[in-house]
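The numbering of the sequence shown is our numbering, which starts it at 10 and goes up by one. Every residue, glycine too, gets a C-beta built ideally from N, C-alpha and C. Computed from a predicted model, the values in this text were never measured in an experiment. See structure below.
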Amino acid sequence: MLSYNFYVFFLEYNAPRNMEVAGHNEFHSSVKAHQGQTEQELATKMLQIQSKRFYLDVKQNRRGRFIKVAEVSF
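What follows is the structure, given as structure tokens:
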């Protein structure tokens, strides 16, 4: 069974409480509707810990830099 969790951590922006941790689809639809802008990817890294993979992306947009963390377990 494949499990997918998605988290976002804002480094230079105080996110509204409802956007701090959101599901993947919920996050993308609310952010795109809210921002109307693109994100620039600065760095990416994949970590494997036991049966889980973590994808870490450092990105930036007009609001600042942030880290997206996706957790995938098998």
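TODO: Report back the beta-carbon spacing between Leu51 and Lys68 to the nearest angstrom; my notes put them in contact at under 8 Å.
DONE: The beta-carbon distance between Leu51 and Lys68, rounded to whole angstroms, is 6 Å. This is short enough to meet the 8 Å contact definition.
TODO: Could you check what DSSP says for Glu48 in three-state terms: helix, strand or coil?
DONE: Three-state result, Glu48: coil.
- [ ] Determine the DSSP secondary structure at Gln63, reduced to helix, strand or coil.
- [x] Position check: residue 63 holds Phe in this sequence, whereas Gln was assumed. Three-state result, Phe63: strand.
Task: Span separating the alpha-carbon of Phe75 from that of Arg62 - done: Arg62 has its alpha-carbon roughly 20 Å from the corresponding atom of Phe75.
Open item on the list: Please identify the residue among Asn70, Asp66, Ser60 and Lys54 whose C-alpha is closest to the C-alpha of Val81.
Closed with: Minimum Cα-Cα distance from Val81 among the listed residues Asn70, Asp66, Ser60 and Lys54 corresponds to Ser60.
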